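See structure below.
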Amino acid sequence: DGGITQSPKYLFRKEGQNVTLSCEQNLNHDAMYWYRQDPGQGLRLIYYSQIVNDFQKGDIAEGYSVSREKKESFPLTVTSAQKNPTAFYLCASGRASNQPQHFGDGTRLSIL
Amino acid sequence: RKEVEQDPGPFNVPEGATVAFNCTYSNSASQSFFWYRQDCRKEPKLLMSVYSSGNEDGRFTAQLNRASQYISLLIRDSKLSDSATYLCVSGFHSGGYQKVTFGIGTKLQVIP
Chain A
1 DGGITQSPKY LFRKEGQNVT LSCEQNLNHD AMYWYRQDPG QGLRLIYYSQ
51 IVNDFQKGDI AEGYSVSREK KESFPLTVTS AQKNPTAFYL CASGRASNQP
101 QHFGDGTRLS IL
Chain B
113 RKEVEQDPGP FNVPEGATVA FNCTYSNSAS QSFFWYRQDC RKEPKLLMSV
163 YSSGNEDGRF TAQLNRASQY ISLLIRDSKL SDSATYLCVS GFHSGGYQKV
213 TFGIGTKLQV IP
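From first to last, the protein sequence lines are chains A and B.
Letter by letter, the first sequence follows residues 1 to 112 of our numbering.
Letter by letter, the second sequence follows residues 113 to 224 of our numbering.
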């Protein structure tokens, strides 16, 4: 079945630690996105990528990094510089133009 | 002013009732509009795209009013299973990317 797979489902980060969230899609979508969702807030865009080896900062990129070495994969690293990382992280992919995005089932990140 | 504004609710309605949500967007260049459904602690799932002419999918009807910059979602004959948060989304193209903005979501609770 085609879809978007995020792992792990739950992740705990220690102080000063970098952690990487995985996102893989087999929908052959060009564009991939990372969002963060906090309670009572809408989704906020962290990074997005249209093609391999290219990505752009979203609205809240500070403390995060990404790579896009393969079309299918768009991992997100939450660095120690991100002081408030506890949130629900959602990866999405979509075609170009006015098509909707589709989401993975998310990763919940918490601080130990 | 937020780019996409929604009443967070909650809207508590009895089973069988008709309920309507409105959402306003501030970017007049927005070209694409969607409604997503998000269940508690789950990822958003596409409910329907919103077209200029309006569109219907079973009990759900979506409308777009470009002049007033709002979109609406009407749910007829509400079911208990409709209880969820409904996210309004507007999008536009920028430099080859589709950039979307999510509203905070409107929470619906259908009561027996």
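Just so you know, even glycine gets a beta-carbon here, dropped at the ideal spot from N, CA and C.
Note that this is a predicted model, so its numbers are computed, not measured.
Any chain B beta carbon closer than 7 Å to residue i
| i | result |
| --- | --- |
| N98 of chain A | yes |
| A103 of chain A | Note that residue 103 of chain A corresponds to Phe in the displayed sequence, not to Ala. Yes, F103 of chain A counts as interfacial toward chain B. |
| Q82 of chain A | no |
| G106 of chain A | yes |
| L109 of chain A | no |
Per-residue burial, residue i [other beta carbons within 10 Å of its own, 16 or more giving buried]
| i | result |
| --- | --- |
| G2 of chain A | exposed |
| A132 of chain B | exposed |
| Y163 of chain B | exposed |
Cross-strand partners of residue i (DSSP beta bridge)
| i | result |
| --- | --- |
| P126 of chain B | B:I223 |
| Q37 of chain A | A:F88 |
| F235 of chain B | This structure does not reach residue 235 of chain B, given that chain B is present from 113 up to 224, and the question cannot be answered. |
| K157 of chain B | B:R149 |
| H29 of chain A | According to DSSP, H29 of chain A bridges with nothing at all. |
| I111 of chain A | A:R13 |
Any chain A beta carbon closer than 7 Å to residue i
| i | result |
| --- | --- |
| E155 of chain B | yes |
Check whether residue i and residue j have beta carbons under 7 Å apart
| i | j | result |
| --- | --- | --- |
| V222 of chain B | S184 of chain B | no |
| Q25 of chain A | E69 of chain A | no |
| A87 of chain A | Q101 of chain A | no |
* Asked: What residues from the region 14-34 of chain A come within 9 Å of chain B, judged by C-beta to C-beta, listed N to C?
  -> A31, Y33
* Using a Cβ cut-off of 8 Å, which residues of the region 156-180 of chain B contact any Cβ in chain A, in chain order? -> P156, K157, L158, S161
* To do: Check each residue of the region 206-220 of chain B: if its Cβ is closer than 9 Å to any Cβ of chain A, include it; give the result in chain order.
  => G207, G208, Y209, Q210, K211, V212, T213, F214, G215, I216, G217
* When you check each C-beta in the region 119-146 of chain B against every C-beta of chain A, which residues fall closer than 7 Å? -> Q143, S144, F146
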